[in-house]
Amino acid sequence: TDALNVLLIIVDDLRTSLGCYGDKIVRSPNIDQLASNSLLFQNAFAQQAVCAPSRVSFLTGRRPDTTRLYDFNSYWRVHAGNFSTIPQYFKENGYVTLSVGKVFHPGISSNHSDDSPYSWSFPPYHPSSEKYENTKTCRGQDGELHANLLCPVDVADVPEGTLPDKQSTEEAIRLLEKMKTSADPFFLAVGYHKPHIPFRYPKEFQKLYPLENITLAPDPHVPHGLPAVAYNPWMDIRQREDVRALNISVPYGPIPVDFQRKIRQSYFASVSYLDTQVGHLLSALDDLQLTSSTIIAFTSDHGWALGEHGEWAKYSNFDVTTRVPLMFYVPGMTASLPKAGEKLFPYHDPFDPVSELIEPGRRATDLVELVSLFPTLAALAGLQVPPRCPRPSFHMELCREGRNLLKYFWFRDLEEGPDLYS
Amino acid sequence: NPRELIAYSQYPRPADSPQWDSDKPSLKDIKIMGYSIRTIDYRYTVWVSFDPKEFQANFSDIHAGELYFVDSDPLQDHNMYNETQGGEFPQSSVP
Numbered sequence: 001t002d003a004l005n006v007l008l009i010i011v012d013d014l015r016t017s018l019g020c021y022g023d024k025i026v027r028s029p030n031i032d033q034l035a036s037n038s039l040l041f042q043n044a045f046a047q048q049a050v051c052a053p054s055r056v057s058f059l060t061g062r063r064p065d066t067t068r069l070y071d072f073n074s075y076w077r078v079h080a081g082n083f084s085t086i087p088q089y090f091k092e093n094g095y096v097t098l099s100v101g102k103v104f105h106p107g108i109s110s111n112h113s114d115d116s117p118y119s120w121s122f123p124p125y126h127p128s129s130e131k132y133e134n135t136k137t138c139r140g141q142d143g144e145l146h147a148n149l150l151c152p153v154d155v156a157d158v159p160e161g162t163l164p165d166k167q168s169t170e171e172a173i174r175l176l177e178k179m180k181t182s183a184d185p186f187f188l189a190v191g192y193h194k195p196h197i198p199f200r201y202p203k204e205f206q207k208l209y210p211l212e213n214i215t216l217a218p219d220p221h222v223p224h225g226l227p228a229v230a231y232n233p234w235m236d237i238r239q240r241e242d243v244r245a246l247n248i249s250v251p252y253g254p255i256p257v258d259f260q261r262k263i264r265q266s267y268f269a270s271v272s273y274l275d276t277q278v279g280h281l282l283s284a285l286d287d288l289q290l291t292s293s294t295i296i297a298f299t300s301d302h303g304w305a306l307g308e309h310g311e312w313a314k315y316s317n318f319d320v321t322t323r324v325p326l327m328f329y330v331p332g333m334t335a336s337l338p339k340a341g342e343k344l345f346p347y348h349d350p351f352d353p354v355s356e357l358i359e360p361g362r363r364a365t366d367l368v369e370l371v372s373l374f375p376t377l378a379a380l381a382g383l384q385v386p387p388r389c390p391r392p393s394f395h396m397e398l399c400r401e402g403r404n405l406l407k408y409f410w411f412r413d414l415e416e417g418p419d420l421y422s
Numbered sequence: 423n424p425r426e427l428i429a430y431s432q433y434p435r436p437a438d439s440p441q442w443d444s445d446k447p448s449l450k451d452i453k454i455m456g457y458s459i460r461t462i463d464y465r466y467t468v469w470v471s472f473d474p475k476e477f478q479a480n481f482s483d484i485h486a487g488e489l490y491f492v493d494s495d496p497l498q499d500h501n502m503y504n505e506t507q508g509g510e511f512p513q514s515s516v517p
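Heads up: the sequence lines are chains S and E, in that order.
Letter 104 of the first sequence, counting from 1, is numbered 104 in my numbering, and no numbers are missing.
Just so we're on the same page, my numbering is the position in the second sequence counted from 1, plus 422.
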């Protein structure tokens, strides 16, 4: 009968290149293990394939046409309406709400404060090493340091000797340890930066993806019938030193094929690095015996094109940029409650030969949207589900434009289950 | 009915042709909005005129369209919009 805690994991620019989504190349054993204990939505889509608009949309439960944020330059509470957010709603319902890493997009769109104090009980945490992300810390073939797109690093060599997502995992675990003894339930949101560009990751992860095994996208050319207005000219990656040096023609490129394969290699390596961070976080949840009292939601803000349609990055309406991973672990509902001492999320090293095949969990194939995250998390936590928004809803502080997905969680075979979480 | 479930997404553009800020146009420079509706069978997008001051999309001013059928074209490489003459944007599908 105690309120369930919530751990919301948001991964920046993560497409569904994961084992649990059927990807044969990427090694993501920890996320796959989470999926095997979760309900996984096969067809979940973001409302806009770019960071701030997508995040503000799903964190307020409103579509971009309501938040009126299509770029990075406005704060919805000033610009559109004083819409409540998911963390704010949990905070108003007795939760201690905590933010680690990139949850809201930094800057104007979250009022330069990650929407504090509305959304968070304490000042949000940002890893100190984040300030080096876009600086010259990538060792080029010339032995010099550059601000490259492809940036496998020796962690011992980089400033502060660490990386943002490592720091975020450490901080999140520290907060879990603190909240373990708290009488109040917690809502902890952890926002990981990778695989957002630059692909700056511990260089050993490159070994998981030997270049000779990396193929091009299955459809690497700009389709004949694609309207010019639909095409995304991937201007952001062109700013990076290693891409700029290729002198790629604007707007259609193409990128030289060997570099295309290197981009894909580094994206996959970044995903496996990210997977280890998620693995450490979830095994700590286990170690703290919080697994049976914590809902885990895992998603990303949008996908990323890896050369499909001759495109890279996000900024389009294609499936590869709008489709996102979305899964929910609900103790006693998507998986039986772990017995005393049992671990649901032991850490898996992606370098281990393919560890025992991880059983897939429960799946839903219906099309769903990230804007459904708000009502669904509220329902799973047993809170009142915000009402459907009227049209227009600028005057409404609390309502939702997405469907509540709770109905997908009622599995027939659990009805008799002794440990059904009621 | 799963066939009735729709996922919507949208993306803004400053112009009909790719230019330096096509990826991330500022609000004041948005001239076109691409609205996508996804069903289990198809993906349908119309790129329509957009007024950034009034936040109004004009669905009768369609700059371009895309239509992909999931079963026969899962990678979305064969735009069938013109073959189907685009047709009216089904009002029932407006988000």
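In this text, a Cβ means the ideal position worked out from N, Cα and C, and glycines have one as well.
Tell me the residue span of the beta strand (DSSP E) that contains S/E204.
Mapped onto the first sequence, residue 204 of chain S falls at position 204. For S/E204, no beta strand (DSSP E) segment is defined, and its DSSP state is neither H nor E.
Pick from S/Q289, S/F58 and S/L216: whose alpha carbon is nearest that of S/G402?
Residue mapping note: residue 402 of chain S aligns to position 402 of the first sequence, counting from 1. Closest option to S/G402, Cα to Cα, is S/F58.
I'd like the list of long-range same chain contacts for S/Y408, defined as Cβ closer than 7 Å, with 5 residues on each side in sequence excluded.
Here residue 408 of chain S refers to the residue found at position 408 of the first sequence. Correct list, in chain order: L39 and A364.
Compute the Euclidean distance between the alpha carbons of S/D13 and S/Y192, then round it to the nearest angstrom.
Mapped onto the first sequence, residue 13 of chain S falls at position 13. Mapped onto the first sequence, residue 192 of chain S falls at position 192. Near 10 Å, if we compare the C-alpha coordinates of S/Y192 and S/D13.
Rounded separation between S/E416 and E/E476 - CA only
Counted from its first residue, the first sequence places residue 416 of chain S at position 416. Counted from its first residue, the second sequence places residue 476 of chain E at position 54. Legend: pLDDT at S/E416 = 43, less than 50; position of this residue unreliable, value from coordinates given subsequently. Spanning the two alpha carbons is a distance of roughly 55 Å.
Counted within 10 angstroms of its Cβ, other Cβ atoms place S/S128 as buried (16 or more) or exposed:
As a working note, residue 128 of chain S is residue 128 in the first sequence. Exposed, because fewer than 16 other Cβ atoms sit within 10 Å of the Cβ of S/S128.
What does E/E529 touch in chain S if you count any residue whose Cβ is under 7 Å from its own?
Here chain E covers residues 423 to 517 and nothing more, so residue 529 of chain E does not appear.
Please name the residue in E/L427, E/D438, E/R460 and E/W442 whose C-alpha comes closest to that of E/K453.
For this step, residue 453 of chain E is matched to residue 31 along the second sequence. Of the candidates E/L427, E/D438, E/R460 and E/W442, the residue whose Cα lies closest to the Cα of E/K453 is E/D438.
Find the residues of chain S that neighbour E/N501, judging by a C-beta separation of less than 9 Å, and give them in chain order.
The sequence position of residue 501 of chain E within the second sequence is 79, counting from 1. Neighbours of E/N501 on chain S, chain order: P223, H224, G225, L226, P227 and A230.
Can you check whether the CB of S/P233 is closer than 8 Å to the CB of S/G307?
The residue given as residue 307 of chain S occupies position 307 in the first sequence. The residue given as residue 233 of chain S occupies position 233 in the first sequence. Not in contact: S/G307 and S/P233 (Cβ atoms no closer than 8 Å).
Interface positions of the segment 49 to 66 of chain S facing chain E (Cβ-Cβ less than 8 Å), listed along the chain:
So the close ones are A49, V50, R63, P64 and D65.
Which residues in chain E sit within 7 Å of S/E311, going by Cβ to Cβ distance?
Residue 311 of chain S sits at position 311 when you count from the first residue of the first sequence. Using a Cβ-Cβ cut-off of 7 Å, S/E311 is close to nothing in chain E; its nearest Cβ partner there is about 10 Å away.
Any idea what DSSP makes of S/M423, helix, strand or coil?
Coverage of chain S is limited to positions 1 through 422, which leaves residue 423 of chain S absent and any answer about it impossible.
Helix, strand or coil for S/M327, going by three-state DSSP, please let me know.
To locate residue 327 of chain S, count along the first sequence from 1; it is residue 327. In the structure shown, S/M327 sits in a strand (DSSP, three-state: E or B).
How should E/T506 be labelled, buried or exposed, when 16 other C-beta atoms within 10 angstroms of its C-beta is the threshold for buried?
Taking the first residue of the second sequence as 1, we reach residue 506 of chain E at position 84. Looking at its Cβ environment, which holds fewer than 16 other Cβ atoms inside 10 Å, E/T506 is exposed.
Beta carbon of S/L176, beta carbon of S/A284: below 8 Å?
The residue you call residue 176 of chain S lines up with position 176 of the first sequence. The residue you call residue 284 of chain S lines up with position 284 of the first sequence. A contact, by the Cβ cut-off of 8 Å.
S/V100 (DSSP reduced to helix, strand or coil)
Residue numbering aside, residue 100 of chain S sits at position 100 when the first sequence is read from its first letter. DSSP places S/V100 in strand when its eight states are reduced to three.
Decide if S/G161 is buried, meaning its Cβ has at least 16 other Cβ atoms within 10 Å, or exposed.
To locate residue 161 of chain S, count along the first sequence from 1; it is residue 161. Around the beta carbon of S/G161, fewer than 16 other beta carbons sit within 10 angstroms, so the residue counts as exposed.
Taking its Cβ as the centre, do 16 or more other Cβ atoms sit within 10 Å of S/S17, making it buried, or is it exposed?
By one-based count along the first sequence, residue 17 of chain S stands at place 17. The Cβ neighbour count for S/S17, taken over all protein chains shown within 10 Å, is at least 16; the residue is labelled buried.
Nearest-angstrom Cα distance between E/Y503 and E/I459?
As a position in the second sequence, residue 503 of chain E is number 81, starting the count at 1. As a position in the second sequence, residue 459 of chain E is number 37, starting the count at 1. Taking C-alpha positions only, E/Y503 is separated from E/I459 by approximately 13 Å.
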